[in-house]
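Quick note, the sequence shown lines up with residues 1 to 127 if you use the UniProt record's numbering.
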Amino acid sequence: MKAFIEKAIFFVKAVWRGFRGAETEALILLLTVTLGIGTIFYNQVEQWSLLDSLYFTVITLTTVGYGDLAPQTNLGKLFTIGYVFLGLILILGFINSIVKQTIESKTLEQVVEEEQFYKEIKKAKEK
């Protein structure tokens, strides 16, 4: 159980560090702009409330698709087709960024552990 908790804490820290990178900051900005554009689009074209528009935008970008809202206009349907692909690209970008940061963190952690191990061996030899 202790090993699981340690791994979970390591993963959360790696994800948190991943959100501080320039690449992830750019993705967050792009996601915010994308959410805003989708919300305004559906509000204006489909005449949905801002909350319904934001809800549909999030559900569409995350590819959940509950089916409770659907565009009724041809323009809305065409926009949604492209919007789904944009959502997939954004999600893959986030996953890539977090995985890359996790791997880099793990490598750095291994280097630090190896250095500590060699220092301990050196101290033991000196005694």
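We put the CB at the ideal spot given by N, CA and C, even for glycine. All values derive from a computational prediction rather than experimental measurement.
On a Cα-Cα basis, can you pick out the residue from the options that is closest to residue i?
| i | options | result |
| --- | --- | --- |
| N74 | I98, V45 and L92 | V45 |
Look up residue i in the DSSP assignment and say whether it is helix, strand or coil.
| i | result |
| --- | --- |
| V64 | coil |
| L69 | coil |
Using a Cβ-Cβ cutoff of less than 6 Å, which residues in the same chain neighbour residue i once the five nearest sequence positions on both sides are dropped?
| i | result |
| --- | --- |
| L90 | L31 |
| L61 | G87 |
In its own chain, which residues sit with a C-beta less than 7 Å from the C-beta of residue i, not counting the 5 before and 5 after it?
| i | result |
| --- | --- |
| F94 | L27 |
Spatial neighbours of residue i within its chain, please: CB distance less than 8 Å, with the 5 preceding and 5 following residues excluded, ordered by chain position.
| i | result |
| --- | --- |
| T39 | L50, S53, L54 and T57 |
Ordered list of beta strand (DSSP E) runs contained in the UniProt domain "Potassium channel" (30–101), each at least 3 residues: none
Kindly confirm or deny that the region 48–56 and the region 110–119 touch, where touching means at least three C-beta pairs closer than 8 Å. no
I want to know whether the region 83–103 touches the region 3–15 - three or more CB-CB distances under 8 Å. yes
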